[in-house]
Amino acid sequence: MRYGIALVVIAMALVSTAELKAQKTEQRLKEREMATRELDDVIAKSERIIELAPRVRVQARAAALTWRMERQRGRESFRQIWNTIDLTTDDGSRQEDDARLQVLEILYPLDSALAQELIQKADAARSTPSGELADRVSGTNPAGRRMGFLSYQLAEDDVASAATVLRTSLSGNTPAMTANVLKRMRERDPQLANELAIYALDVIAEQPTALALGGLNTLMLYAFPSVPSFSPIVDTAASDRAVRTRFAVVAESVLSRALRESEGELIAAGGFTDHDIGLRNLGLAVVSGALVAIGERGDREKLPELVVRAASLRGRVEPGVRSLVDAQVGTVRAFLQRASAEEATDDEIAEAITRKDFDAARAAISKLSSEPRRNTWTDLLLASLTRYELERGRPSEAVASVRQIKDNQNALRYAVEIARSKPSADLEAQLPAVESEIEQRLNAMTGGELVRAIFSISAETAEVMPTLSEALLGEAVGALNALSEIRSSDQRAAYWDDRANFLRVPALYRSFSKAGAKDVEAALLTASKIANNSVQMAARLSAIEPVIKRERWAKPRKEKKNQPKQTKQKRRE
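Each residue of the sequence shown is one higher than the one before, starting from 2 at the first, in the working numbering.
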């Protein structure tokens with residue numbers, strides 16, 4: 002009798018397991034059908050988007066999902082979008098470049114080979130514009146500008162791809178966006194940003210002097226920033242100094258080469274115009290002036306010679322442009338004065354934080370005369386203290402540190418880090434406090450900044466605080482719809498206060514992707530509430546992305562050729 006009962010229990014368990022497996026299979030099939038239906042619907046409706054850039058961005062995101070299902074079909078979709086841009090715009094227009102950039106932002110991290118193929122096709126088809134040399138010298142030629150903007154956009158969410166694109170873009174000249182790209186990369190990976198700055202300087206050192214001078218003017222904005230930028234880690238001081246040292250070496254080398262060239266030779270052999278010569282003279286004046294500012298803090302014996310040279314080169318510049326020279330040189334001089342006065346204290350603070358002597362770090366911070374620098378270093382100290390308390394298994398102390406951070410974005414970042422730390426009973430008890438801190442910080446924000454932050458926190462908390470994440474996603478959509486829809490160029494508003502621009506917000510895509518991984522139907526319902534059609538379509542595509550990624554889509558079978566069977570011996574031959 003006992004055995005009979007056991008067999009019945011086993012049989013029931015097997016039936017329950019089989020039923021559960023069947024339910025999961027049925028649910029997966031349902032989600033698969035839902036995903037393909039949504040993809041087809043978005044592709045069809047995207048044709049109704051009137052503006053070119055939003056249309057191609059939505060279509061490119063759809064092509065990316067198609068690529069994951071069937072790579073060849075996805076590649077053809079990207080090529081078709083690229084060809085449509087050719088048919089819609091005039092060669093070389095800003096509208097064309099912006100549309101191409103929308104496609105490349107999505108394609109490059111996915112299939113860099115195809116992206117390079119399309120870029121080469123576009124550049125080959127474009128006739129050489131007038132003033133090409135001037136554009137190359139200033140870093141504003143179409144190809145360089147496109148790659149610079151592409152790297153800048155990628156740097157927000159994909160630093161590795163941004164670094165690859167930036168390296169590629171430096172082969173022709175130094176795009177005007179390079180300093181901004183490096184500053185954005187520095188927020189995520191300061192060491193990599195400095196490595197790329199040194200790489201750019203090494204490339205500049207080998208370029209023709211006209212291009213090199215323009216590149217140095219661009220890199221100067223990163224090496225000697227008007228507003229000091231601080232990374233979330235404290236051990237970048239040495240690499241920052243290495244960038245400035247390399248800049249000085251390359252600048253002196255390029256300047257020496259340039260001064261051995263005559264303007265007559267450049268005009269005769271290099272095709273220079275008077276405008277090109279003017280740009281070159283501006284570069285000479287700025288670089289020589291920067292070397293004077295550097296020399297004032299370094300080798301004083303060479304300073305008189307540097308001053309005479311700089312004054313002579315400044316005299317070559319048109320009088321109306323000399324103020325630009327003085328302003329840029331003044332920025333370098335102000336940075337070095339500030340760095341000289343406070344660099345020792347910065348090193349003292351960094352060293353104290355590194356050895357976890359937070360009291361000594363606080364004492365050193367109090368010596369700083371600049372309030373913005375004190376606030377920045379205090380936030381860095383509190384961030385390091387937050388991580389230290391987490392390592393010690395003390396989440397309550399970590400929460401207390403986050404509450405003292407002044408910058409809302411940094412506070413949100415470290416609050417999420419607490420929530421995502423190693424699970425424990427103590428941490429679970431602190432999660433309500435973390436949630437309260439997140440809500441308070443979000444309440445301190447407004448407009449587009451608030452919407453971006455809500456989307457970001459929704460994505461970051463999806464796995465550890467799913468209820469909060471789901472609620473925030475709904476709040477983000479409501480806040481997004483409350484933003485304006487700016488159509489007229491004379492309306493003044495911040496870029497992120499225009500909800501149409503949220504097509505370029507990676508946090509929006511991440512949040513809907515995380516929601517779709519949990520419940521694709523609910524994520525699609527939330528996405529459908531977005532008022533802007535283009536952004537709504539992009540959100541719907543993000544919601545189905547996890548389903549597309551997890552499915553093992555059937556690969557097209559290779560056609561078998563009717564060939565006579567061969568023996569093993571013949572095949573070996």
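Don't be surprised by glycine CBs; every beta carbon is placed ideally from N, CA and C.
For residue j and residue i, the rounded distance between their alpha carbons
i    : j    : result
R393 : D427 : 12 Å
I549 : A524 : 15 Å
K423 : G331 : 49 Å
S113 : K303 : 48 Å
I295 : A213 : 19 Å
N409 : Q441 : 9 Å
D159 : A269 : 45 Å
E438 : P373 : 23 Å
R69  : I44  : 15 Å
R388 : A416 : 11 Å
E262 : S172 : 23 Å
I419 : V400 : 8 Å
A472 : R551 : 25 Å
A532 : A384 : 38 Å
F503 : S425 : 37 Å
V59  : I82  : 10 Å
A36  : I545 : 5 Å
S514 : L53  : 25 Å
E71  : K31  : 20 Å
L314 : R505 : 43 Å
R147 : Q121 : 12 Å
R375 : A345 : 14 Å
Q492 : G449 : Caution applies to Q492, whose pLDDT of 47 falls short of 50 and renders its modelled position unreliable; the value that the coordinates give is listed next. Their backbone Cα atoms lie some 16 Å apart in a straight line.
T237 : I51  : 47 Å
T377 : R553 : 48 Å
R33  : T447 : 38 Å
Residue i - partner residues in DSSP beta bridges
i    : result
D499 : S485
Buried/exposed call for residue i, threshold 16 Cβ in 10 Å
i    : result
Y496 : exposed
L155 : buried
S131 : Bear in mind that a pLDDT of 44 at S131, under 50, signals an unreliable position, so the number given afterwards is only what the model happens to contain. So S131 ends up on the exposed side.
L88  : exposed
N282 : buried
A144 : buried
K368 : exposed
I86  : buried
N411 : buried
K25  : exposed
Q28  : exposed
Q431 : buried
P191 : buried
K561 : Note that K561 has pLDDT 48, beneath the 50 cutoff, so the model's placement of it is unreliable and the number below is only indicative. The residue is exposed, with fewer than 16 neighbouring Cβ atoms inside 10 Å.
K407 : exposed
L391 : buried
D360 : exposed
P547 : buried
E106 : buried
Below-8 Å beta-carbon distance, residue i vs any chain D residue
i    : result
E390 : Within the model displayed, chain D is absent; a lone protein chain is all it includes.
Check whether residue i and residue j have beta carbons under 8 Å apart
i    : j    : result
R404 : A460 : no
A353 : A335 : no
F79  : L108 : yes
G215 : N181 : no
L111 : A65  : yes
I199 : R247 : yes
R74  : T67  : yes
V435 : L484 : no
M220 : T179 : It should be noted that the sequence gives Leu, not Met, for residue 220. Contact: yes.
R363 : L382 : yes
M538 : K22  : no
S152 : A161 : no
L443 : I455 : yes
A478 : K530 : Per the sequence shown, residue 478 should be read as Val rather than Ala. Yes; because the gap between Cβ atoms is below 8 Å, this pair is in contact.
L307 : V293 : yes
A1   : L509 : The structure shown does not extend to residue 1, since the chain is modelled only from 2 through 574, so no value can be given for it.
S402 : L386 : yes
A206 : S254 : yes
beta-carbon residue i near the ligand FMN non-hydrogen atom, thresh 7 Å
i    : result
R395 : The ligand FMN is absent from the structure shown, which contains no ligand whatsoever.
May I have a chain-ordered list of the alpha helix (DSSP H) segments no shorter than 4 residues that lie completely inside the stretch 260–339?
Correct list: 264–271, 275–296, 304–316.
Extract the residue ranges of the beta strand (DSSP E) inside the stretch 34–67, only unbroken runs of 3 or more that lie entirely within it.
The qualifying runs do not exist here; there are none.
To test your reading of the DSSP string, which unbroken alpha helix (DSSP H) runs of 4 or more residues are found completely within the stretch 85–125?
You should have 95–108.
Completely contained beta strand (DSSP E) runs for the stretch 136–206, where each covers 3 or more residues:
Within the stretch 136–206, no complete beta strand (DSSP E) run reaches 3 residues.
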